[in-house]
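Chemist:
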Amino acid sequence: MTADPRPPDPVVLGMHGISKRFFGVTVLDDVRLECRAGEIHAVMGENGAGKSTLMKILVGVHQPDAGRIELNGAPVRFHHPRQALAAGVSIVHQELNLLPQRTVAENIFLGREPRRRFGVDRAAMDQAATRLLAALGAEDVISPRSLVGRLPVARQQLVEIAKALSFDPRVLVLDEPTAALSPHEVAALFDRIRRLRADGLTVLYISHRLREVFDLTDRITVLKDGRRVDTVETSEVDTRRLVHLMVGRELDHYYPPRAAPERIGPVRLAVRSAGAGLLHDVDLDLRAGEIVGLAGLAGSGRTELARLLFGATRMTAGRLTIDGRASRLRSPRHAIRRGIGLLTEDRKSEGLVLQRSVRDNTLLAARSLGRGAARRVALADLLGRVRLRGGADREVRYLSGGNQQKVVLARWLATGARVLIFDEPTRGIDVGAKASIHELMRELADAGAAILMISSELPEVIGMADRIVVLRQGTVAGELPAGATEAEIMLLATGEPDRAGAAAGASREGGTA
Amino acid sequence: MTTTAGPPGAQPPAVPEAQRTAAPQGEPAGGRVRRLLRAVPPIWLVLAAVIFLIAWRNPTFVEPAPFLAFLRRCAPLAVLAAGQVFVIIAGEFDLSVGALVTAVVVVAARLSDGDAAHTWWLIPLLLAAGALVGLVNGLVTTRLRVPSFIATLGMLLVLGGAVFLWSGGAPRGSLADNFRQFGRFGVELPGLGQLPYAVLILLAVGVALWLLLSHSRFGHQVYAAGGNPRAAALSGVDVRRVRTAAFVISGLSAVVAGILLGGFTGVTAEAGAGYEFQAIAAVVLGGAVLGGGRGSVGASVAGALTLQSVFTLLNLLGLAKSLRDAVQGLIIIGAAAYAAHRLRRSG
Amino acid sequence: MIADTMPGRLRPLGLGRDSGTASSAPVWLVFGGVFAVAWLLVELNGGQFMTVDNLQNMAVRSVALGLVAVGQTIVLIGGSLDLSVAYLVSVTAVGASFVMQGDPDRMVLGVVVTLAIGALIGLVNGLVITGLRVNAFIATLGTSLVMSGVLNALFTNFTGSVPRQFQALGYNALGPVPVAVILLLAVVALAWYVLRHTRFGYHLYAVGGNAEVARLSGVRTDRTVVLAHVLCSLTAVLTGLFLVSRLRSGAPWVGPDGGYDLESIAAAVVGGTALAGGRGAVAGTLAGVLILAVIDQVFNEFEVNAFLKTLIRGVIIVGAVALYALRRRDEGSF
Numbered sequence: 008m009t010a011d012p013r014p015p016d017p018v019v020l021g022m023h024g025i026s027k028r029f030f031g032v033t034v035l036d037d038v039r040l041e042c043r044a045g046e047i048h049a050v051m052g053e054n055g056a057g058k059s060t061l062m063k064i065l066v067g068v069h070q071p072d073a074g075r076i077e078l079n080g081a082p083v084r085f086h087h088p089r090q091a092l093a094a095g096v097s098i099v100h101q102e103l104n105l106l107p108q109r110t111v112a113e114n115i116f117l118g119r120e121p122r123r124r125f126g127v128d129r130a131a132m133d134q135a136a137t138r139l140l141a142a143l144g145a146e147d148v149i150s151p152r153s154l155v156g157r158l159p160v161a162r163q164q165l166v167e168i169a170k171a172l173s174f175d176p177r178v179l180v181l182d183e184p185t186a187a188l189s190p191h192e193v194a195a196l197f198d199r200i201r202r203l204r205a206d207g208l209t210v211l212y213i214s215h216r217l218r219e220v221f222d223l224t225d226r227i228t229v230l231k232d233g234r235r236v237d238t239v240e241t242s243e244v245d246t247r248r249l250v251h252l253m254v255g256r257e258l259d260h261y262y263p264p265r266a267a268p269e270r271i272g273p274v275r276l277a278v279r280s281a282g283a284g285l286l287h288d289v290d291l292d293l294r295a296g297e298i299v300g301l302a303g304l305a306g307s308g309r310t311e312l313a314r315l316l317f318g319a320t321r322m323t324a325g326r327l328t329i330d331g332r333a334s335r336l337r338s339p340r341h342a343i344r345r346g347i348g349l350l351t352e353d354r355k356s357e358g359l360v361l362q363r364s365v366r367d368n369t370l371l372a373a374r375s376l377g378r379g380a381a382r383r384v385a386l387a388d389l390l391g392r393v394r395l396r397g398g399a400d401r402e403v404r405y406l407s408g409g410n411q412q413k414v415v416l417a418r419w420l421a422t423g424a425r426v427l428i429f430d431e432p433t434r435g436i437d438v439g440a441k442a443s444i445h446e447l448m449r450e451l452a453d454a455g456a457a458i459l460m461i462s463s464e465l466p467e468v469i470g471m472a473d474r475i476v477v478l479r480q481g482t483v484a485g486e487l488p489a490g491a492t493e494a495e496i497m498l499l500a501t502g503e504p505d506r507a508g509a510a511a512g513a514s515r516e517g518g519t520a
Numbered sequence: 020m021t022t023t024a025g026p027p028g029a030q031p032p033a034v035p036e037a038q039r040t041a042a043p044q045g046e047p048a049g050g051r052v053r054r055l056l057r058a059v060p061p062i063w064l065v066l067a068a069v070i071f072l073i074a075w076r077n078p079t080f081v082e083p084a085p086f087l088a089f090l091r092r093c094a095p096l097a098v099l100a101a102g103q104v105f106v107i108i109a110g111e112f113d114l115s116v117g118a119l120v121t122a123v124v125v126v127a128a129r130l131s132d133g134d135a136a137h138t139w140w141l142i143p144l145l146l147a148a149g150a151l152v153g154l155v156n157g158l159v160t161t162r163l164r165v166p167s168f169i170a171t172l173g174m175l176l177v178l179g180g181a182v183f184l185w186s187g188g189a190p191r192g193s194l195a196d197n198f199r200q201f202g203r204f205g206v207e208l209p210g211l212g213q214l215p216y217a218v219l220i221l222l223a224v225g226v227a228l229w230l231l232l233s234h235s236r237f238g239h240q241v242y243a244a245g246g247n248p249r250a251a252a253l254s255g256v257d258v259r260r261v262r263t264a265a266f267v268i269s270g271l272s273a274v275v276a277g278i279l280l281g282g283f284t285g286v287t288a289e290a291g292a293g294y295e296f297q298a299i300a301a302v303v304l305g306g307a308v309l310g311g312g313r314g315s316v317g318a319s320v321a322g323a324l325t326l327q328s329v330f331t332l333l334n335l336l337g338l339a340k341s342l343r344d345a346v347q348g349l350i351i352i353g354a355a356a357y358a359a360h361r362l363r364r365s366g
Numbered sequence: 041m042i043a044d045t046m047p048g049r050l051r052p053l054g055l056g057r058d059s060g061t062a063s064s065a066p067v068w069l070v071f072g073g074v075f076a077v078a079w080l081l082v083e084l085n086g087g088q089f090m091t092v093d094n095l096q097n098m099a100v101r102s103v104a105l106g107l108v109a110v111g112q113t114i115v116l117i118g119g120s121l122d123l124s125v126a127y128l129v130s131v132t133a134v135g136a137s138f139v140m141q142g143d144p145d146r147m148v149l150g151v152v153v154t155l156a157i158g159a160l161i162g163l164v165n166g167l168v169i170t171g172l173r174v175n176a177f178i179a180t181l182g183t184s185l186v187m188s189g190v191l192n193a194l195f196t197n198f199t200g201s202v203p204r205q206f207q208a209l210g211y212n213a214l215g216p217v218p219v220a221v222i223l224l225l226a227v228v229a230l231a232w233y234v235l236r237h238t239r240f241g242y243h244l245y246a247v248g249g250n251a252e253v254a255r256l257s258g259v260r261t262d263r264t265v266v267l268a269h270v271l272c273s274l275t276a277v278l279t280g281l282f283l284v285s286r287l288r289s290g291a292p293w294v295g296p297d298g299g300y301d302l303e304s305i306a307a308a309v310v311g312g313t314a315l316a317g318g319r320g321a322v323a324g325t326l327a328g329v330l331i332l333a334v335i336d337q338v339f340n341e342f343e344v345n346a347f348l349k350t351l352i353r354g355v356i357i358v359g360a361v362a363l364y365a366l367r368r369r370d371e372g373s374f
């Protein structure tokens with residue numbers, strides 16, 4: 008169905024046979040992407056499908072292991088983002104790349120400040136910044152002289168887009184640009200993007216949100232597990248077809264069987280009317296032997312809830328009980344003593360001490376607990392239980408994502424944690440290792456652990472959870488039994504009876520700002 | 020080797036690097052030697068090379084008596100480095116140790132005024148004071164969130180000011196002989212001459228701190244707190260307490276160094292001058308990285324010995340004493356550049 | 041950090057300038073307060089504070105530390121630091137008096153030679169830090185040791201002298217304003233201009249704030265750091281020239297005895313410059329230097345023991361930084 012009857016616009020950007028491996032894991036495999044002049048081209052796929060890596064290769068952050076990139080028919084190689092910018096390829100990354108202590112104008116023109124006779128022409132710079140902001144319809148809410156760090160995240164995002172436009176690009180990559188924007192801001196942004204298209208700009212639009220993709224884009228390239236599935240005209244597909252391409256249900260991932268009702272034991276951890284920060288009135292029970300899936304859109308408070316249950320943020324309202332006894336968690340240390348463990352979303356920055364060995368990382372929590380705790384633990388036994396092979400003396404930075412996750416899991420087995428909170432347990436982990444993490448989670452539950460699994464991948468939530476709790480705007484929007492559909496979850500997560508289009512919208516990436 | 024059963028608390032982790040490399044049987048000898056060389060921290064090889072050069076110029080240097088005297092000279096710096104490395108691994112600095120060494124010498128002289136009867140309570144008192152200084156450094160750094168560079172710089176000024184304010188400007192009094200013996204004398208060994216107390220103390224302190232850093236739960240927490248404070252905190256490590264304890268260890272080691280130094284330099288206001296930088300230099304020579312997470316007690320002691328042996332070598336070669344500084348400067352830049360290069364290469 | 045995409049703190053937007061570089065006002069307020077209290081204390085004690093002599097004295101005393109503290113502020117903003125300035129001050133003082141040998145015709149030569157040495161040292165510092173990736177603390181400690189070794193090997197005492205004309209820098213005044221103070225103000229103004237209005241200044245704040253963001257935006261980060269170190273070394277040379285003009289002759293110990301390495305960092309930090317980089321201003325540093333000078337003056341007036349002065353200095357420095365840390369925590373910008 009990719010055959011195009013009309014003579015197509017000239018191809019501006021071509022990526023051919025792009026492959027990339029990180030630490031032995033294939034992230035991209037022979038991916039092709041072609042964009043025409045003046046089109047808005049969506050790149051879609053589930054988490055870990057390789058969208059962001061493909062874009063980072065395009066803009067020179069990573070170099071491909073194989074394949075070539077052509078711009079206007081001429082081959083290009085970008086070793087540094089600066090070269091891509093000069094060639095007319097701009098990107099707005101998912102993570103903000105701004106200096107909070109500098110002004111809006113200073114950030115936009117960093118490295119290219121306009122000069123006059125003596126030094127930087129601040130007035131000209133501010134004017135130019137205002138013009139760029141006006142193009143986004145944001146000149147009234149963002150002053151070029153305000154400090155970026157004092158702007159709300161949504162406006163910081165607009166500053167990033169203004170910065171990308173300031174390079175006067177021919178190809179603009181927007182990686183999840185609407186994650187933090189309000190509907191009004193999204194509409195304004197789309198207007199601007201359409202106007203840019205009219206000027207001949209090619210826009211690559213990375214998103215999970217089906218509705219946005221249907222509203223905005225001309226063609227869609229779907230990636231799955233690092234491979235290109237297909238490239239289709241947006242007008243020629245419907246939601247079901249697109250979801251099918253992205254998820255590929257027939258290649259269904261194997262999930263271990265759910266818990267039998269009689270295996271589900273007493274409540275281990277419970278909160279009532281809990282609140283802290285944006286969380287309010289949260290009621291939640293975690294039972295021995297049960298895996299509870301926690302779903303919700305970015306910003307709904309999923310990670311905040313995990314941190315609250317782990318004592319990393321103080322509960323400001325409500326009650327928390329552990330095995331029926333009221334408890335106040337003052338710190339992670341305290342929570343660990345009470346038998347709680349947290350597998351953080353970001354393993355590298357919050358989970359592991361990368362330059363230390365598997366052994367040291369595994370025993371880290373047990374050793375910090377207190378006298379004797381580490382002594383009772385048999386390391387080999389632990390690593391066997393998580394099926395981590397290889398020596399315990401390797402530094403964990405050399406391990407694959409899946410094995411790193413196993414190290415973190417072994418850490419909580421070492422402390423004898425009976426309540427485990429998994430925040431995005433399989434993010435950045437390849438398919439094979441995913442299944443083994445899922446099996447381990449089920450084994451732990453069968454052995455009597457109470458598990459809370461936070462995931463932005465709805466198939467994972469549906470496949471794993473014995474019960475699904477959905478958060479919306481800082482509180483529990485509702486609870487669903489095992490086997491609920493994606494549409495049911497999205498209904499609760501968005502609070503609006505949405506078209507089926509919401510389905511894949513739910514699998515948007517989590518909300519790390 | 021170690022994934023076999025057994026309680027990990029009792030396991031010897033990182034230690035037997037030499038054993039591990041020797042383990043593969045039936046390997047050609049050349050390969051084994053190369054593996055062995057790679058397993059030894061490079062600073063020991065450098066130290067061996069420098070000592071070899073000295074011995075080549077002056078063969079008597081490696082005879083027991085002169086060599087033990089050399090080790091005695093090294094002892095204060097080595098003890099300081101062994102304490103400082105805790106702070107560096109935890110991701111901080113301690114600039115106050117030089118002032119603390121001076122304070123120990125001056126305070127001990129004033130309080131005892133040469134009276135041997137005071138020594139028995141003087142030493143515990145000094146150790147307590149050193150621990151207190153470390154505690155304050157640690158609390159100011161972790162609780163008030165003052166960068167340790169500034170916090171310990173402030174401590175340097177406060178200590179320097181307070182000690183001389185109290186002693187009235189110039190060091191007064193003198194050290195009792197039984198106080199000075201630690202830095203000066205030793206036990207007589209038949210046939211070998213005198214084994215200095217300072218060397219024994221260095222050995223004891225070194226082994227104790229090595230056990231603490233490489234074989235205790237606390238040690239692992241120091242590495243974690245410096246390597247990734249957030250991951251450590253989320254694993255239940257009380258990062259602030261661990262860092263504070265590292266400062267206390269550094270303070271205690273400075274007191275021991277002060278006692279040793281007082282033994283052979285006598286009472287001067289300059290006793291500890293420059294020692295803070297030399298201690299950090301020794302630690303960096305031993306492969307530690309400023310910023311935390313890497314380093315070891317053994318390599319830091321080796322760094323201190325290397326520094327001193329290089330000075331000895333320069334003396335032998337007839338270089339002006341003042342050029343020592345210049346060579347020291349080049350050495351630490353070279354060592355840090357080498358460490359940075361190695362880190363980058365290993366990803 | 042892990043916060044989902046929640047908006048940050050909302051503040052009124054676009055009301056005048058509120059750049060992060062302009063936050064020196066509180067330091068000047070503190071300076072005003074310290075100055076007023078000092079005045080009051082001295083007058084109550086029966087002394088006179090607001091005399092021309094007294095003010096000149098304070099100003100001149102600020103010059104030596106002030107010049108090098110301006111340079112130190114520049115490297116600190118860039119996320120680096122320079123421990124080699126103390127020995128560079130000595131090298132300059134000795135070098136200038138050695139070259140000049142009391143001959144007025146060699147004055148220019150002396151200044152040019154010392155500035156060239158300074159630029160070279162700054163270049164070495166910068167290249168070792170950026171090229172060899174050596175931590176700035178270690179790198180500048182190393183060059184400092186090298187300078188001290190070479191200097192002490194070549195010179196052991198006062199060497200040569202500067203001509204009478206050169207001493208004008210240290211002792212003359214234009215009207216009531218000492219020449220040296222004019223020099224300091226000129227350097228401060230120049231540094232302010234460079235930081236505020238040149239691309240280099242913009243890039244320096246960016247590199248110190250987040251080197252990776254700066255790099256991705258196309259800033260040549262290494263070059264920026266190297267230039268910052270060259271500028272810092274040049275200010276240390278100016279301090280050395282000023283000192284030798286007061287002393288008539290240079291000796292190897294003038295720099296380290298003045299403690300210019302750590303004191304200049306302390307003055308910058310008291311003035312609101314962050315050790316971590318990306319934040320600070322020379323105006324704040326100047327206020328920091330003046331605060332230290334006023335306190336010194338009061339101590340002299342009351343004949344406070346020199347050691348007590350050192351002690352109080354330490355407490356003030358740590359206290360000031362603790363207050364900044366507290367304020368930043370309240371702002372939540374961390």
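Protein chains in written order, with my numbering: chain A, 8 to 520; chain B, 20 to 366; chain C, 41 to 374. Yeah, the Cβ is synthetic: ideal placement off N, Cα and C, and Gly gets one too.
1. Residues bridged to A/ARG234 by DSSP?
2. Could you give the uninterrupted runs of the alpha helix (DSSP H) lying entirely in the segment 296-333 of chain C, keeping only those of 4 residues or more?
3. Hey, quick one: how far does the alpha helix (DSSP H) through A/LEU416 stretch, first residue to last?
4. Any C-beta of chain B within less than 7 Å: which residues of the segment 422-450 of chain A qualify?
5. Report the option in A/GLY233, A/ILE475, A/PHE221 and A/VAL360 whose CA atom is closest to the CA atom of A/THR241.
6. Identify, in the order they occur along the chain, each residue of the same chain with its Cβ nearer than 8 Å to the Cβ of B/GLN213, setting aside the five sequence neighbours on each side.
7. Whole alpha helix (DSSP H) runs in the segment 86-144 of chain C with 4 or more residues, listed along the chain?
8. Return the residue from the list A/GLY481, A/GLU46, A/THR492 and A/ASP36 that minimises the CA-CA distance to A/THR224.
9. Under the rule that 16 or more other beta-carbon atoms within 10 Å means buried, what is A/ASP473, buried or exposed?
10. Answer with buried or exposed for C/PHE89, where buried requires no fewer than 16 other C-beta atoms within 10 angstroms of its C-beta.
11. Enumerate in chain order the residues of its own chain whose CB-to-CB distance from B/ARG191 is below 6 Å, with the five nearest sequence positions on each side excluded.
12. On the three-state DSSP scale, how would you describe A/GLU486?
13. Which of the three DSSP states, helix, strand or coil, is assigned to C/VAL174?
14. Which residues in chain C sit within 8 Å of A/GLY470, going by Cβ to Cβ distance?
15. In whole angstroms, what is the alpha-carbon distance linking A/LEU285 and A/ARG39?
16. Output yes or no for whether 8 Å exceeds the beta carbon distance between A/ASP367 and B/HIS239.
Modeler: From the atom records:
1. The residue you call residue 234 of chain A lines up with position 227 of the first sequence. In the DSSP output, where bridge partners are listed per residue, A/ARG234 has A/LYS231.
2. Qualifying alpha helix (DSSP H) stretches, in chain order: 300-310.
3. For the purposes of this step, residue 416 of chain A is taken as residue 409 along the first sequence, with counting starting at 1. Its alpha helix (DSSP H) spans residues 408-421.
4. If the cut-off is 7 Å between Cβ atoms, the segment 422-450 of chain A has nothing near chain B.
5. The residue labelled residue 241 of chain A in the question sits at position 234 within the first sequence. It is A/PHE221.
6. Here residue 213 of chain B corresponds to residue number 194 of the second sequence, with the count starting at 1. Contacts found: ALA84, LEU87, PHE204, GLY205, VAL206 and GLU207.
7. Counting whole runs of 4 or more residues, the segment 86-144 of chain C contains the alpha helix (DSSP H) stretches 92-117 and 125-140.
8. For the purposes of this step, residue 224 of chain A is taken as the residue at position 217 of the first sequence. Comparing Cα positions, the closest option is A/GLU46.
9. Counted from its first residue, the first sequence places residue 473 of chain A at position 466. That one is buried.
10. On the third sequence, residue 89 of chain C is found 49 positions in, with the first residue counted as 1. Within 10 angstroms of the beta-carbon of C/PHE89 lie 16 or more other beta-carbons, which makes it buried.
11. The count along the second sequence starts at 1 and reaches residue 191 of chain B at position 172. Within the same chain, B/ARG191 has close Cβ partners ARG129.
12. Position 479 of the first sequence holds residue 486 of chain A. In this structure, DSSP gives A/GLU486 an extended state, which the three-state scheme calls strand.
13. Within the third sequence, numbered from 1, the residue matching residue 174 of chain C stands at position 134. Three-state DSSP puts C/VAL174 in coil, outside helix and strand.
14. In the first sequence, counting from the first residue as 1, residue 470 of chain A sits at position 463. Residues of chain C with a Cβ closer than 8 Å to the Cβ of A/GLY470 do not exist, since the nearest Cβ in that chain sits about 24 Å away.
15. On the first sequence, residue 285 of chain A is found 278 positions in, with the first residue counted as 1. On the first sequence, residue 39 of chain A is found 32 positions in, with the first residue counted as 1. Rounded to the nearest whole angstrom, the C-alpha separation of A/LEU285 and A/ARG39 is 42 Å.
16. By 1-based counting over the first sequence, the position of residue 367 of chain A is 360. By 1-based counting over the second sequence, the position of residue 239 of chain B is 220. A/ASP367 places its beta carbon less than 8 Å from that of B/HIS239.
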